[in-house]
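A quick write-up on the structure given underneath.
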Amino acid sequence: MATIKSLNKWANAHTYYPLDLLRVALGVFLFMKGVDFMSNHQQMAEIIKPFQDIPGGMLIIHYVAPAHFVGGFLIVIGLLTRWAVVAQLPILIGAILVNFLGEMNSRNLVLASITLLACIFFMFYGSGKHSADYYLKMQK
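What follows is the structure in structure tokens.
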């Protein structure tokens, strides 16, 4: 707990608007991917095809879209950002693995890699000073 408090203090002292814009852009991207996966079931099934034979493969399909949808929204407003990012990590690691297990798509690989790096950054950085987390913390 002390480590998280020290990370929050550092992040709040070193907050910048471009980082907040990056967090919002990441959240909007994940939210739109969630909407895209919910509206296009065929595409989602095609992407998950390499994991189809794994036990619990159907669970993956039902986890990805809502996690992107809800997690993206939470990241945009900066509420429970670290938890939302942690929920994205298995999906993004799976998105990178899909390119090596299934058909290689370099565009999707680069996009998933950049998103994974941004999520790892915000897992440590947090939501920053311009977020709902900071606002609620200051209300105490």
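Numbering (my numbering), first residue to last: 27 to 166. C-beta: ideal position from N, C-alpha, C; glycine also. Small disclaimer: the values here were computed from a predicted structure and weren't measured.
Could you name the residues of the same chain whose beta carbon sits closer than 6 Å to that of residue i, not counting the 5 residues immediately before and after it, in chain order?
{"i": "A121", "result": "A138"}
So residue i is in the alpha helix (DSSP H); what residue range does that whole segment cover?
{"i": "N134", "result": "S132 to Y151"}
{"i": "K163", "result": "A158 to M164"}
Any heavy atom of the ligand GDP closer than 7 Å to the CB of residue i?
{"i": "F77", "result": "Although the ligand GDP was asked about, the structure shown includes no ligands whatsoever."}
Below 8 Å CB to CB, which residues in the same chain sit around residue i once its five sequence neighbours on both sides are set aside?
{"i": "Q69", "result": "D62 and F63"}
Mind pulling the alpha helix (DSSP H) runs of 4 or more residues that sit fully within the segment 31 to 113?
As far as the segment 31 to 113 is concerned, its whole alpha helix (DSSP H) runs of at least 4 residues are 43 to 65, 67 to 73 and 83 to 103.
Are there three or more Cβ pairs, one per stretch, closer than 8 Å when the segment 50 to 62 is compared with the segment 94 to 106?
yes
Pair every Cβ in the segment 106 to 119 with every Cβ in the segment 76 to 85, then say whether three or more of these pairs are closer than 8 Å.
no
With three or more C-beta pairs closer than 8 Å as the rule, is the segment 45 to 55 touching the segment 149 to 164?
Yes, since at least three Cβ pairs between the segment 149 to 164 and the segment 45 to 55 fall closer than 8 Å, the two stretches touch.
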